[in-house]
Structure formats: C-alpha cells, structure tokens
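Numbering (the working numbering), first residue to last: 4 to 378. The beta-carbon is built from N, C-alpha and C at its ideal position, and this holds for glycine as well. Owing to the predicted nature of the structure, the values given are computational and were not obtained by experimental measurement. The structure appears below as structure tokens.
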C-alpha cells in the first residue's frame, strides 16, 4: 500500500496539483489514481506550463481554430476538455466516496479576482461547460470573492476557495460558506450534495517570512541573542499558520451555528493544503505533507512531491502538534521585528498577481501557437 493510500485511513485525501493532456492519455494519470490520488486541482500556472511546452495540445488548438476560437475562449475550451477527462477518470472515486472525493477543480480567470459580478458569471459558465457532477469551481478568497462564494454555495455549486493565506481571511471564508448553506436551508433546498474545500497556501508563507527573518537578523549587531532566536523560527511559520487554521476549522464546525446545517446533511468545508512542494532545498522535501496530516483535510501535491512522499514519507497525524509553539510564533516574531501577520496578509495580492501573470503568459503562448498553425 502506498503512503498516499495510508493517508486515507487517517482521514486525509491526496489530490494531484497537476493536469496535462498527455498524462491523461498515456496512462500516467490512471497509475496515479491507483497510487492513491483521489482528486485534481488546476490553476493558471499549471495550465501555462502544460500548454506552452511540447505538442500535447496541438490537436486541441487546431480544433479550436476550426471553431474560430482565440484568446480566453480558446484556452477555456482546452481547459474544459482536460477537466472533463479528469472528472470522468475520477468518477468511480466520486461514487465510492459519496462525492467527498473524486473532485476536479477549474479556476475562474485571475483577471476577475476583484470583480464579484464577473466571478459569478464565469463560475456559473464554467460549471455548465464542464457539465460533470464532480467538478469544483475555484474562486479566490479576495474581498470580492467572498460574496461570490456565498452566492454560488447557495446556488448549489461546489466551490474550492483558493488563495487563502491569513487566519483572518480564513474565518471570513468559513462564514461565507456557512451563509450560503444557511440560505439553501431557509429555501428548503438540499445540503447533502454541497462539498467545499478551503485551500490554504503553505510554502509561500515560509518563503515570505523567512526572507523577513533574514532581513531582521542582518539588521542586528553581530552576536545579538535575538539573532539566535530569529534563526530558530526559520521554516516554521507556514506549518504554524496551517495548524492554527486547522484549529479554527475544528472550532467553527463544532459550534452551535453548524448544528442545524449538519442535521440537514451539510458537509464540513475541509481545509486543503496547497503549495506543498518545498521551495527551500534546506528543508525536507515532504515537510509540508508530513507535518499537516490530519482528519478531514486534503493535501494537493505536485507529481514530484507525491512521488517523494510515497517513497520516503512518514505517515502519522501531526496537524495538532505543537500548537503552543504555533501561537508563540505569532507573538515572538513581531516582537523581534518581523510583522508576520502583515507579511502573510500581503501574500493574497501577491498570489493574485502571480496567477494573473501566468494567465497572461499562457494566453501569449497560446496565441503564438495559434498564429503558427493558422499560417
């Protein structure tokens, strides 16, 4: 049995943070399902890397050209086909788990991250276009995304809330999900087929906070005792942030507010750990998998992290460990000149900007290929 499959016994689902036409066609994706993958997430960066490289999508681009598609419409047609194929491959998992897993996520355009009305329109269109019961639509946890999350949940869509970094924003995400469920309940609509995940980005937190720790340490005199303490906090902010988020998840879905929703068949909104590949080579390559194992969670891994975890990962529940130190980090780092809360909050806009950049690069690469084929 693979480590990915062992995680299922502990209540954690492994989703694959990757999609590519060639892997859907050559059997590799089916092998990953056999190894324990029970879902898929995608984003503009993943599609940019997949479409820009190689010839996997040449036939799909040609088909789009024949339909006079270009720009975002051409990309959407290609992406929807990939999502449909992945949904169909994961349909048995979806049936076996009662809809909890077997999910494939497609993301609204990052151009719309600050536009509620446009996000609603695109989310509905993507849901209709994919036309698969096991699709999830990804909506960013921006200020404009929050009301869309509530409305779409009330309408019966399954939402993957993405780009969550701060604990304050996460509480707003939970509230938006619950308000959507409450609206459905008030309207007498079913709750038992609504599934949602809240995607907390992990590794980027350490990248951001570690840099600030280095800067704060460099500003201190040589030999200052604060330097040693700062050094001890390196590589710990991301795990601390995620563990405190998990604690909030447990608290909120145990509160009286959720009780009538649960009685009506509502599902908890599981935390999903995203961006779990290790960016710093000094850290263990499966750090953000091993340290965040816990019940009612998802870890979406890129292929290389999945392979590494299956090869040498340790499978044991750790998500609720060291909460005292997790709280201490958010107290001590500001006292040492590292404004950790503000740094994490800034990651939201940086994440939107990064995805928007990937999206524009994707469209540019797609247009280059389209013109070459037309010529």
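Can you list, in chain order, the residues of its chain with a C-beta nearer than 8 Å to that of residue i? Leave out the 5 residues immediately preceding and following it.
i	result
residue 286	209, 238
residue 137	90, 93, 94, 97, 102, 105, 106, 107
residue 123	151, 154, 155
residue 111	122, 125, 126, 129, 140, 141, 142, 143
residue 145	116, 117, 166, 351, 355
residue 109	45, 82, 83, 86, 129, 133, 138, 139, 140, 141
The beta strand (DSSP E) spanning residue i covers which residue range?
i	result
residue 137	Run containing residue 137: none; DSSP gives neither H nor E here.
residue 110	106–110
residue 163	162–167
residue 2	Limits of the chain in this structure are 4 at one end and 378 at the other, which puts residue 2 out of reach.
residue 340	Taken as a continuous stretch (DSSP letters only), residue 340 belongs to no beta strand (DSSP E), as it is neither H nor E.
residue 41	40–43
Taking the continuous alpha helix (DSSP H) assigned at residue i, which residues delimit it?
i	result
residue 352	343–377
residue 152	148–158
residue 234	228–235
residue 30	Unbroken run through residue 30: none, as it is neither H nor E.
residue 19	Taken as a continuous stretch (DSSP letters only), residue 19 belongs to no alpha helix (DSSP H), being part of the beta strand (DSSP E) at 15–19.
residue 176	170–189
residue 6	6–12
residue 254	240–255
residue 55	47–55
residue 306	306–315
Just to confirm, does residue i get its C-beta within under 7 Å of one of the non-hydrogen atoms of the ligand ADP?
i	result
residue 254	Ligands are entirely absent from the displayed structure, and the ligand ADP is therefore not among its contents.
When the distance is taken between beta carbons, is residue j closer than 8 Å to residue i?
i	j	result
residue 367	residue 54	no
residue 266	residue 114	no
residue 354	residue 204	yes
residue 17	residue 41	yes
residue 253	residue 329	no
residue 362	residue 272	no
Whose C-beta lies closer than 6 Å to the C-beta of residue i among residues of the same chain, with five residues either side of it excluded?
i	result
residue 26	32
residue 278	204, 205, 206, 207
I'd like the list of long-range same chain contacts for residue i, defined as Cβ closer than 7 Å, with 5 residues on each side in sequence excluded.
i	result
residue 233	216, 219, 220, 339
residue 248	170, 173, 203, 274
residue 87	133, 135
On the premise that residue j lies in contact with residue i, defined as a C-beta separation below 8 Å, what is that separation, rounded to the nearest angstrom?
i	j	result
residue 269	residue 194	4 Å
residue 370	residue 73	7 Å
residue 8	residue 59	Their Cβ separation, rounded to whole angstroms, is 28 Å, which puts residue 8 and residue 59 out of contact at 8 Å.
>> In chain order, what are the residue ranges of uninterrupted alpha helix (DSSP H) at least 4 long that sit wholly in the region 258–302?
In response: 262–266, 290–293
> Which runs of the beta strand (DSSP E) spanning at least 3 residues fall entirely within the region 68–124, listed in chain order?
Replying inline: For the region 68–124, whole beta strand (DSSP E) runs of length 3 or above, ordered along the chain, are 106–110.
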